[in-house]
Amino acid sequence: MAYRKNKVKLIWNNNFAYIIGVIATDGNLSNDLRHIIITSKDYEMVTNCKKHLKITNKFSKTARGRSKDKKYYMLQFGDKNFFNFLLDLGLTPKKSKTISELKIPQKYFGNFFRGCIDGDGSISISKHPESKHLQYKVRLCSASKEFLDWNLKMCKIVFNGIKGGSICKSKNSSVYTLSLCKKDSFIILNEIYKGNVLCLSRKKRVALKILGQVA
Numbered sequence: 006m007a008y009r010k011n012k013v014k015l016i017w018n019n020n021f022a023y024i025i026g027v028i029a030t031d032g033n034l035s036n037d038l039r040h041i042i043i044t045s046k047d048y049e050m051v052t053n054c055k056k057h058l059k060i061t062n063k064f065s066k067t068a069r070g071r072s073k074d075k076k077y078y079m080l081q082f083g084d085k086n087f088f089n090f091l092l093d094l095g096l097t098p099k100k101s102k103t104i105s106e107l108k109i110p111q112k113y114f115g116n117f118f119r120g121c122i123d124g125d126g127s128i129s130i131s132k133h134p135e136s137k138h139l140q141y142k143v144r145l146c147s148a149s150k151e152f153l154d155w156n157l158k159m160c161k162i163v164f165n166g167i168k169g170g171s172i173c174k175s176k177n178s179s180v181y182t183l184s185l186c187k188k189d190s191f192i193i194l195n196e197i198y199k200g201n202v203l204c205l206s207r208k209k210r211v212a213l214k215i216l217g218q219v220a
């Protein structure tokens, strides 16, 4: 597809791949086939996306679901060229249940996956109720099992040593969860948080604690 002059530079790098991950999870493509919307409770995430996409649009506050509490930050901008680029990657409007495999360069999958975790995932430390041993988990949620299947497949390709990973859905939920535990979570976190990377500070702190780099 030919791309016209646009606001967002379509150049793959670590930060760009991260933002694609955020859009894949916490973003939305408008039905007008022009506007991209990024919504998050985390001011830091929306600020990072705005800065690195070099967008001048202002934020707004919005509510989600049935709540009237406008506690989410929303960045909305129009860029037909970037919109078409996202379509070519495999993203679509109303993507939550239809998203599946995306055309992400393997070189940048780790950065993309970190964006997904910041968008609709979690990094956690807990104690086993019986043994009291610490348990580490990296989780990613989606209404599309196919999207999680693809992410797990790519994790096993990109991150050397990944052996496990499970995808499940609780009985009364419409959302699937990809869980990577124990050694697998350590391997992934060690890879995606190398160096000074674009990410949510609060999730990075948990990751570094698991990796033993902070108390």
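In this text, residue positions in the sequence shown follow the working numbering: the first is 6, and each later residue adds one. Glycine included, C-beta positions come from ideal geometry on N, C-alpha and C. If you're wondering where the values come from, they're calculated on a predicted model, not measured in any experiment.
Quick check: the Cα distance between residue i and residue j, rounded to an integer number of angstroms?
i    : j    : result
V13  : L34  : 15 Å
K85  : I109 : 20 Å
G166 : K73  : 45 Å
G217 : V211 : 10 Å
M6   : K150 : For M6, the pLDDT reaches just 49, beneath the cut-off of 50, and the residue's location in the model is therefore unreliable, although a value from the coordinates is still provided. Whole-angstrom Cα-Cα distance: 28 Å.
I'd like to check one pair, residue j with residue i: are the Cβ atoms closer than 8 Å?
i    : j    : result
T52  : D31  : no
E196 : G115 : yes
L194 : I162 : no
D154 : G169 : no
Y181 : S206 : no
K75  : A68  : yes
G83  : H40  : yes
N156 : L183 : yes
C204 : Y141 : no
Report the three-state DSSP secondary structure of residue i (helix, strand or coil).
i    : result
K137 : coil
K132 : strand
K142 : strand
C121 : helix
Can you give me the start and stop residues for the beta strand (DSSP E) that residue i sits inside?
i    : result
F64  : Premise fails: F64 is in no beta strand (DSSP E) and is neither H nor E.
I172 : S171 to C173
Which residues mark the beginning and the end of the alpha helix (DSSP H) in which residue i is found?
i    : result
G285 : Residue 285 is absent from the model: the chain starts at 6 and stops at 220.
From the DSSP output, read off the bridge partner residues of residue i.
i    : result
C186 : K142
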